[in-house]
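Residue numbers (our numbering): 171 to 371.
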């Protein structure tokens, strides 16, 4: 499931053999001073999983059937896809996030039409280039769909937060888009205004 790939930039268009149809450029990039040590840690984690009594996955068969088939081939333990979990969390349960969710986005969602909003969040690990960030920003604006975008500080390599956006971008966006540093994801995903979720793979 995890492939240690050297020279990521020069191999970005290569297919990832174990994860079709992904390419090397689709893999998350982990910033590490010791990539070999990180690779060994992940390998050890995978080895321990293979010794377990079974693995529970937050997914379902119809969503990731090919990935689950591959897992069943590679792991000699039962695989239990029992997700998605987001609608069944305990009310009032504490978030595991170190960032404080910006709950003002919920009142913005309340004003949007049913299933009209694209929710974008790449989580707490993914880092993207400035060019990728701008492509996503303009794509969202040009889609003419309302969107909620959670952009964690540090997501854009070389930037603190939204500095790469052109002057006037946020002002011209108006009410069509809402950008926060971190969103209360479970509440957002349960909200009737959300019709699409764009996240990392």
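Backbone N, C-alpha and C define an ideal beta-carbon position, used for all residues, glycine too. Source: prediction; values computed, not measured.
Counting of Cβ neighbours within 10 angstroms places residue 325 among the buried residues, the total reaching 16 or more. In the DSSP assignment, residue 249 forms a beta bridge with 225. Membership of residue 349 in the beta strand (DSSP E) is indicated by the continuous run 347-350.
Annotation: residue 233 to residue 318 spans about 23 angstroms, alpha carbon to alpha carbon. In this structure, DSSP gives residue 276 a helical state, which the three-state scheme calls helix. For residue 319, the enclosing beta strand (DSSP E) begins and ends at 317-320.
Counting only the Cα atoms, residue 320 lies some 35 angstroms from residue 244.
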